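A.B. asks: Just passing along the structure, written as structure tokens.
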Amino acid sequence: MKRQYQQAFAIVRVDFYKDKSDHNLANCITVKKIVWDLETAKSEVDRLSSINSPDSNYFWQTTRVEAK
Numbered sequence: 100m101k102r103q104y105q106q107a108f109a110i111v112r113v114d115f116y117k118d119k120s121d122h123n124l125a126n127c128i129t130v131k132k133i134v135w136d137l138e139t140a141k142s143e144v145d146r147l148s149s150i151n152s153p154d155s156n157y158f159w160q161t162t163r164v165e166a167k
């Protein structure tokens with residue numbers, strides 16, 4: 100059975116204000132949402148970066164979503 104995937108873009112937040120002694124990245128990284136096009140991803144990263152704490156860093160990452 101061949102799997103089908105669609106390209107998507109994850110909006111990711113890294114929180115630097117968390118406990119500095121905690122080296123588990125899973126406690127600092129959050130996938131905020133998944134969007135389907137690059138322009139939406141870029142504009143959402145810009146929007147979130149402008150309104151949130153400087154201790155949080157937003158970026159987008161290309162990913163895949165398995166189609167059912």
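For the sequence shown, the working numbering assigns the number 100 to the initial residue and increments by one for each residue that follows. Note that the Cβ used here is the ideal one computed from N, Cα and C, for glycine as well. Bear in mind the structure is a predicted one, so any value in this text is a computation, not a measurement.
Using a Cβ-Cβ distance under 8 Å, would residue 129 count as near chain B?
C.D. replies: Among the chains in the structure shown there is no chain B, since it carries only a single protein chain.
A.B. asks: Taking the straight line between their C-alpha atoms, what separation do you get for residue 102 and residue 140?
C.D. replies: One C-alpha to the other measures close to 25 Å.
A.B. asks: Could you say which of 106, 136, 124, 113 lies nearest to residue 152 if we only look at CA atoms?
C.D. replies: Selected option, being the one with the closest Cα: 113.
A.B. asks: Assign residue 130 to one of two classes, buried (16 or more other C-beta atoms within 10 Å of its C-beta) or exposed (fewer than that).
C.D. replies: The residue is exposed, with fewer than 16 neighbouring Cβ atoms inside 10 Å.
A.B. asks: Please classify residue 150 as buried or exposed, where buried requires at least 16 other C-beta atoms within 10 Å of its C-beta.
C.D. replies: Counting Cβ neighbours within 10 Å, residue 150 comes out exposed, since fewer than 16 surround it.
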